[in-house]
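Colleague: Residue numbers (this note's numbering): 6 to 235. Handing you a structure now.
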Ligand SMILES: Cc1cc2nc3c(=O)[nH]c(=O)nc-3n(C[C@H](O)[C@H](O)[C@H](O)COP(=O)(O)OP(=O)(O)OC[C@H]3O[C@@H](n4cnc5c(N)ncnc54)[C@H](O)[C@@H]3O)c2cc1C
């Protein structure tokens, strides 16, 4: 348990932090070996290969005997994609009970994109600079106006649960997310893939980095067999 967990910055104002975890590669090995009444005290020679075998052959359950809790601050539109991952637990800041100080995601010039290609095979490339700059300027102005309307509505006595209707989907939200490695790998396969929206890819890559620090063998096997190349 880490009380002052590191928060790795993502996008302009977001972060991911690993709040708490009970997760080791050894638990993967031991939960598989219990089938044969065996247990190791620490990772031994050949255990890396066992982890890789389990992953490659889709023996998913040994990757479920662990738990990781992440603290995430991200734009609402990223959170909407995130909560589609049902195998995990979420608790999010309540904009019914809390009057927030709204913060808005504004992409950098180079991350303002245009879509090219056909349905089913779209790719995204940087928008030309003039339009990108204009887009960002309007987005910033809209955020400022939204924050003013939100605050003013509450000053007039409107409940926060309705005042929040002024806040757009690039408003930052925060949540705790608790997940096991099996479900985490499914999330990472889908959300680090080049087909995922760039913004959630940034978060997924950050989650991947934190996970690789505590389950390096499982991470290596996942990279080899399930990670989609960009
Ligand atoms: C690039 C991309 C584009 C997307 N576009 C859209 C879109 O246009 N519209 C949209 O609605 N969603 C979209 N999604 C969301 C997607 O459909 C999934 O909801 C999301 O990726 C979660 O994946 P999951 O179900 O595998 O994960 P989880 O919900 O975490 O489930 C993990 C696994 O558990 C099993 N499982 C969970 N629930 C059930 C169940 N009820 N029945 C059987 N097995 C279950 C499955 O094996 C599943 O893979 C998109 C996702 C991606 C990555």
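Think of the CB as a built atom: it goes at the ideal place given N, C-alpha and C, for glycine as much as any other residue.
On a Cα-Cα basis, can you pick out the residue from 228, 172, 79 that is closest to residue 56?
Modeller: Locating residue 56 in the chain shown gives position 51, counting from the first residue. Taking only the C-alpha atoms, the option nearest residue 56 is 228.
Colleague: Which residues bound the beta strand (DSSP E) around residue 179?
Modeller: Within the chain shown, numbered from 1, the residue matching residue 179 stands at position 174. Where residue 179 is concerned, the enclosing beta strand (DSSP E) stretches over 177-184.
Colleague: Would you kindly report the start and end of the unbroken alpha helix (DSSP H) that includes residue 170?
Modeller: Within the chain shown, the letter at position 165 stands for residue 170. Taken as a continuous stretch (DSSP letters only), residue 170 belongs to no alpha helix (DSSP H), as it is neither H nor E.
Colleague: From which residue to which residue does the alpha helix (DSSP H) around residue 120 run?
Modeller: Taking the chain shown and counting its residues from 1, one reaches residue 120 at position 115. Taken as a continuous stretch (DSSP letters only), residue 120 belongs to no alpha helix (DSSP H), being part of the beta strand (DSSP E) at 118-121.
Colleague: To the nearest whole angstrom, what separates the beta carbons of residue 1 and residue 74, a pair I think is in contact under 8 Å?
Modeller: No answer is possible for residue 1: it lies beyond the span of the chain, which begins at 6 and ends at 235.
Colleague: Helix, strand or coil for residue 228, going by three-state DSSP, please let me know.
Modeller: Position 223 of the chain shown holds residue 228. Note: residue 228 maps to helix in three-state DSSP.
Colleague: For residue 185, tell me which candidate among 208, 21, 153, 223 has the shortest Cα-Cα distance.
Modeller: Against the chain shown, residue 185 aligns to sequence position 180. When each option's Cα is compared against that of residue 185, the closest is 223.
Colleague: Extract the residue ranges of the beta strand (DSSP E) inside the region 30-111, only unbroken runs of 3 or more that lie entirely within it.
Modeller: 72-80, 94-97
Colleague: When you compare only the Cα positions, how much space is there between residue 173 and residue 148?
Modeller: For the purposes of this step, residue 173 is taken as the residue at position 168 of the chain shown. For the purposes of this step, residue 148 is taken as the residue at position 143 of the chain shown. Looking at the two C-alpha atoms, the distance is approximately 8 Å.
Colleague: Please report the straight-line C-alpha distance between residue 210 and residue 163, rounded to a whole angstrom.
Modeller: Counting from one through the chain shown, the residue named residue 210 turns up at place 205. Counting from one through the chain shown, the residue named residue 163 turns up at place 158. If you take the alpha carbons of residue 210 and residue 163, they lie about 39 Å apart.
Colleague: With respect to 7 Å, is the separation between the Cβ of residue 200 and the closest non-hydrogen atom of ligand 1 below this value?
Modeller: To locate residue 200, count along the chain shown from 1; it is residue 195. Yes, the beta carbon of residue 200 sits closer than 7 Å to at least one heavy atom of ligand 1.
Colleague: Is the closest heavy atom of ligand 1 to the C-beta of residue 188 under 7 Å?
Modeller: Here the question's residue 188 lines up with position 183 in the chain shown. Yes, Cβ of residue 188 sits closer than 7 Å to a heavy atom of ligand 1.
Colleague: Under the DSSP definition of a beta bridge, which residues are partnered with residue 4?
Modeller: Coverage of the chain is limited to positions 6 through 235, which leaves residue 4 absent and any answer about it impossible.
Colleague: The beta strand (DSSP E) that contains residue 14, what's its start and end?
Modeller: In the chain shown, counting from the first residue as 1, residue 14 sits at position 9. 12-15 is the span of the beta strand (DSSP E), which, as asked, contains residue 14.
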